[in-house]
Amino acid sequence: MRFSATKTVAEIPDFGLEVPREKEHGDFATNLALLLAQAFKMSPRKIAEIIKAELDLKGLPVIKAEVAGPGFINFYLDPTWALGVIPEIIEQGADYGLVNIGNKEKVQVEYVSANPTGLLHMGNARGAALGDSMASLLDFAGYEVTREFYINDAGTQIENLGKSLAARYFQLLGFEAEIPEEGYHGEDLVDLTKKFIILYQGRYLKENASIREEALVKYALNEMMAAIKKTLAEFGVHYDVWFSETSLYAGGSVNEVIEHLKEKGFVYEHEGALWFKAQEFGAKQDEVLVRASGVPTYFAADIAYHVNKFRRGFTRIINVWGADHHGHVARLKGALAALGYNPEAVQVVIMQLVRLYQGGEIVRMSKRTGKFVSLEDLIEEVGRDAARYFFVMRSADSHLDFDLDLAREQSVKNPVYYIQYAYARICSLKKVLAEQGRSMPRLDQTDLTLLTQEAELALARRLADFPEEVTRAAQNLAPHQIATYLHEVAGLLHAFYNHHRVITDDFALSNSRLLLVEATRIVLANALKLLGLRAPERM
RNA sequence: GCGCCUGUAGCUCAGGGGAUAGAGCGCUGGCCUCCGGAGCCAGGUGCGCAGGUUCGAUUCCUGCCAGGCGCACCA
């Protein structure tokens, strides 16, 4: 559109051109006149009239523009304009919705990174669903994405694991032993130790403690990681890289970053420990890099890990962390800034914690006390797709109350089935079509302008929004926006389906409707895939 | 006490500087000679409180209130 008002382009404010909430307000509306009212000292409606008179709408499918309300200019489009998206969708297929806002930028997404000291819990599950969907979104939006799991196979919690396993080992072999206060009390360690005993019997009873614990830990970590990988795979979550914390120590990079920070003068000793001056970089307090015992902290290793990410060429680094880790963000970024890296390249998505309800009461989850519902249990109870959708349908910012009873009882009514049902319905239509000896019509043999019903046009119009929805969700790292979109498209499909027959003797109309539902099927499939949900042909 | 997140319908949550704030669940009625009724159509109440910025605030800012999570030589 061209404006030839007395104002120069530089003075035209950043106005909006949006789809109004109300259908009566047209297909698009702009608030430009409202924004100009002050500068021109004129009523917004009067300005709107002038702008409207100056508009050049040639070549656009606009059939009417009118001034409305306080000074909006509403545009009404040829109702069939959205039908043009149908051939586009069918030709692009699985690629429909692909956008290129990423420009092949190398982005690394780290998520879950659970301690291998037990089974995955609800918080890990949320991180898995969110992180995996964010990665898929970024991939679809033109980024070069690497999905990564950081294995915390070093540090205090591993020591505690070793002591706990040793206690179970003694207990199972008939000796008195107590699991340390800080240890892991879960039953899963009992099972693990039993399996260990089958392999090694009492061989480690007489060894010294560190050898015994080392052997137990090595065995346990292997088993744990295998179980974690298996569960995540069942959840539809896959990784490109499994990154071991221990490898950072072995490769010397932990010491290396500590030395660099020393050289740059950002550390000091206090009470025998080595501290990083995090406060100089905006953190609340300084942080220990090396304990008085000489053992580096998790923080030191994490700095080394992030330096490693930068060295691998990632220009954007996304970490999906639970809210209980948010205090770690400022000091990590501070340390990276101290080392000369751009902390802005690191984006930490903090997701609020999951609170589990059962029987109307909060279930306190803790690996140490051994009381929690694992991701495995969850998948078994409510199903993989329902579980994933549940985690991904809410924004990361929302505190998630997960009522297990409700999820179980209402699993049939879970919105994910509503969406998948829409997909299955379309597939069923195609089956019926084939049974009648008919086949999907060709684009060039179909007159899409036969689609004139409100339900048909509304559906086509929403399908046309998909690339924009992908863009928005990728920019916001907000998979839940895709979940909302999916639900709306499914709703429009169901409404259409209930009002109009697709397969009839009116071949011309039937064909155009078949292409509309085929386009819908493609959009549903592409969006479901972004969320890691399956698109079942029958349910 | 300090920091981060949240407060929208009975419940669980979307949305968002503008014209009549949405969905699901639950509740009440309708709709199958018909491609899958796991569906469709209709019906209700709501932006925590108080200031501020603005032509306009539920949205932005500040304070307060309420809840969650952090504030380790754990990760």
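Be aware that the first sequence starts at 1467, since it is given in this note's numbering, and climbs by one per residue. Glycine is no exception: its CB is placed at the ideal position from the N, C-alpha and C atoms. On a predicted model such as this, the values are computed, not experimentally measured, just so you know.
With a 10 Å radius around its C-beta and 16 neighbouring C-beta atoms as the bar for buried, classify residue i as buried or exposed.
i	result
A1993	buried
S1840	buried
L1483	exposed
G1563	buried
W1787	buried
V1989	buried
A1505	exposed
M1600	buried
Y1734	exposed
A1852	buried
R1908	exposed
A1476	With a pLDDT of only 43 at A1476, under 50, the local geometry of the prediction cannot be trusted, and no value is derived from it.
V1848	buried
R1987	buried
Q1886	buried
S1509	exposed
S1470	Since pLDDT at S1470 reaches only 39, below the 50 mark, its modelled position is unreliable, and no value is offered.
A1499	buried
Please report the residue range of the beta strand (DSSP E) in which residue i lies.
i	result
T1583	First-last for T1583: undefined, no H or E at that position.
Q1813	1812-1817
D1544	Note, D1544: premise wrong, no beta strand (DSSP E); not H, not E.
E1673	Here E1673 belongs to no beta strand (DSSP E), and DSSP marks it neither H nor E.
Looking at the secondary structure, which residues open and close the alpha helix (DSSP H) in which residue i lies?
i	result
M1600	1588-1606
F1765	1764-1777
G1628	1622-1638
R1928	1920-1930
Report yes if the CB atom of residue i is closer than 8 angstroms to the CB atom of residue j, and no otherwise.
i	j	result
N1566	A1580	no
V1533	A1514	yes
H1792	R1821	no
A1675	A1632	yes
Y1953	P1881	According to the sequence shown, residue 1953 is His rather than Tyr. Yes; because the gap between Cβ atoms is below 8 angstroms, this pair is in contact.
A1495	I1539	yes
L1959	A1548	no
S1710	I1617	yes
G1559	L1604	no
A1811	I1769	no
A1749	R1797	yes
E1935	T1781	no
L1521	A1531	yes
Looking at C-alpha atoms only, which residue of the options is the closest neighbour of residue i?
i	options	result
V1761	A1744, R1778, K1730, V1720	V1720
E1722	K1684, A1766, D1706	A1766
L1929	A1873, A1692, L1982, V1795	L1982
R1904	N1977, S1861, L1596, L1714	N1977
H1772	V1756, M1817, Q1813	Q1813
H1736	D1493, D1867, V1754, I1516	V1754
In the DSSP assignment, what residue or residues form a beta bridge with residue i?
i	result
S1710	I1617
Y1734	W1741
K1572	E1610
Q1824	E1827
V1756	L1740, P1762
E1700	None; E1700 has no bridge partner.
S1803	For the record, residue 1803 in the displayed sequence is Ala; it is not Ser. The partner list for A1803 (beta bridge, DSSP) is empty, contrary to what the question assumes.
G1537	Looking at the DSSP assignment, G1537 forms no beta bridge with any residue, so it has no partner.
Taking 7 angstroms as the cut-off, is the beta-carbon of residue i closer than that to any non-hydrogen atom of the ligand NAD?
i	result
N1942	By its list of ligands, the structure shown contains no ligand whatsoever, and the ligand NAD lies outside what it can speak to.
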